[in-house]
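Chains S and F, in that order, are what the protein sequence lines are. Letter by letter, the first sequence follows residues 262 to 381 of the working numbering. Letter by letter, the second sequence follows residues 27 to 186 of the working numbering. Here the structure comes first, spelled out in structure tokens, and everything after it is commentary.
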Amino acid sequence: MLETPVFQAYCGEGPPRFANPYELECAKVLDWYGVPWQYEPRTFVLEADGDRVLEAFTPDFYLPEQDLYLEVTMMKQSLVTRKNRKLRKLRERYPDVNVKLFYRRDVERLAERFKLPIAS
Amino acid sequence: MRELGEAIARDYEGREPVLVGALKACVVFLADLSRALPIPHELDFLELASYGKANAPPEGRIRLLKDLDRSIAGRDVLVVEDIVDTGLTLRFLCRTLALRAPGSLGVVTLLDRPYRRLVDDLPVRYTGFVVPDELFVGYGFDVDERCRALPDLHVLRPAV
Numbered sequence: 262m263l264e265t266p267v268f269q270a271y272c273g274e275g276p277p278r279f280a281n282p283y284e285l286e287c288a289k290v291l292d293w294y295g296v297p298w299q300y301e302p303r304t305f306v307l308e309a310d311g312d313r314v315l316e317a318f319t320p321d322f323y324l325p326e327q328d329l330y331l332e333v334t335m336m337k338q339s340l341v342t343r344k345n346r347k348l349r350k351l352r353e354r355y356p357d358v359n360v361k362l363f364y365r366r367d368v369e370r371l372a373e374r375f376k377l378p379i380a381s
Numbered sequence: 027m028r029e030l031g032e033a034i035a036r037d038y039e040g041r042e043p044v045l046v047g048a049l050k051a052c053v054v055f056l057a058d059l060s061r062a063l064p065i066p067h068e069l070d071f072l073e074l075a076s077y078g079k080a081n082a083p084p085e086g087r088i089r090l091l092k093d094l095d096r097s098i099a100g101r102d103v104l105v106v107e108d109i110v111d112t113g114l115t116l117r118f119l120c121r122t123l124a125l126r127a128p129g130s131l132g133v134v135t136l137l138d139r140p141y142r143r144l145v146d147d148l149p150v151r152y153t154g155f156v157v158p159d160e161l162f163v164g165y166g167f168d169v170d171e172r173c174r175a176l177p178d179l180h181v182l183r184p185a186v
């Protein structure tokens, strides 16, 4: 179970429950800079058969001021084919939705820059 | 540098902008830019607490460790950045300075990684170079305070 500090810029409903330490550190960085953020506030249906959802995608963060969804992945860029495909689908189905994928390299850059404990 | 200086001088002709640098990485760039700027201008500095560093405030929120020495109300302010990446630091800086009612607020950055931007509403008006996703040292850029004083910019690659 990951520690969940008291966040100041978090503007979602209910306490966020992060799936891994990288998401937690990203949340801390956003909080540090006072950028309002939500955690997994929306699930996008990518494929459905009537009422039955066949495929969906829930980006990790939403930054309301930027109207930007942010997905954080620790997979290497070369191994994220499936995630990229989902993202492509999301952009096709929801062209007005602004979404960005932060790859492992991006998170490591953040970690290096901000001296995060996840820095490799 | 000359091109940046000329572009800024053109846009700010007849005015006396204040170049504001956030310590420390911008120092070398700011010094060179100042010397390449053929119009009267002032220099001022501030310093921000860094995330995860010893000087980080306990309240867990970015704040100024050193403020500007003079008022910028009504002045043309040009923030001088070493690099704009996610834009998080610059967003805080611009919002903080905007509260002080400057006449105008713009940003000049030596390096830019626009593809990693998380916040886009930033007044970046002048960019030296758009750079690939590499780590830079020298020319003010450091790794744990090392390599900052190298006279040129170097790409730091992990040992294979």
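Positions of the beta carbon are idealized from the N, C-alpha and C atoms, including for glycine.
In the DSSP annotation of this structure, F268(S) is not part of any alpha helix (DSSP H), being labelled neither H nor E.
Taking the beta carbon of F155(F) as reference, no residue of chain S falls within 8 Å; the closest one sits roughly 17 Å away. The alpha-carbon separation between M27(F) and E171(F) amounts to approximately 24 Å.
What V296(S) touches in chain F, judged by beta-carbon distance under 8 Å, is L114, R117, L144, V145, going in chain order.
Annotation: Cβ neighbours of L329(S) in chain F (cutoff 9 Å, chain order): L144, V145, D146. Interface flag for D357(S) against chain F is unset, since no Cβ pair is found closer than 8 Å. Taking a C-beta distance under 8 Å as the contact criterion, P128(F) and I109(F) do not qualify as a contact pair. In the three-state DSSP reduction, G31(F) falls in the helix class (H, G or I). Non-local C-beta neighbours of L90(F) in its own chain, meaning closer than 8 Å and more than five positions away in sequence, comprise L72, E73, L74, A75, T122, ordered along the chain. Residues of the segment 304–338 of chain S with a C-beta atom less than 8 Å from some C-beta of chain F are L324, E326, Q327, L329, L331, listed in chain order. Here the alpha carbons of W293(S) and C272(S) stand approximately 14 Å from one another. Per the Cβ contact rule, the segment 33–43 of chain F is not in contact with the segment 349–366 of chain S (fewer than 3 Cβ pairs under 8 Å).
The beta carbon of R366(S) falls within 8 Å of a beta carbon belonging to chain F, placing the residue at that interface. With a cutoff of 8 Å on beta-carbon distance, L351(S) and F322(S) are scored as not near each other. The DSSP assignment places complete beta strand (DSSP E) segments of no fewer than 3 residues inside the segment 52–80 of chain F at 68–74, in order along the chain. When DSSP states are grouped into helix, strand and coil, K50(F) belongs to the coil group.
Bridge pairing for G164(F): F167(F) [DSSP]. The beta carbon of R96(F) sits closer than 7 Å to the beta carbons of D70 from its chain, once the five residues preceding and following it are set aside; these are given in chain order. Taking a beta-carbon distance threshold of 8 Å, D159(F) counts as an interface residue toward chain S. The C-beta separation of L56(F) from V103(F) comes to about 13 Å, leaving the pair out of contact by the 8 Å criterion. One alpha carbon belongs to L63(F), the other to D168(F), and they sit about 25 Å apart. Measuring C-alpha to C-alpha distances from F162(F) to each of Y152(F), C120(F), D111(F) identifies D111(F) as the nearest.
L148(F) is positioned such that its CB atom lies no closer than 8 Å to that of L114(F).
Shown here for E68(F): same chain residues with a beta carbon closer than 6 Å to its own, the five before and five after excluded, namely V44 in chain order. The three-state reading of DSSP puts F305(S) in strand, counting E and B together. Using a Cβ-Cβ cut-off of 8 Å, Q299(S) does not count as an interface residue toward chain F, since no Cβ of chain F sits closer than that to its own. In this structure, the beta-carbon distance from V360(S) to Y330(S) falls below 8 Å. For D292(S), there is no enclosing beta strand (DSSP E); the enclosing alpha helix (DSSP H) covers residues 282–293.
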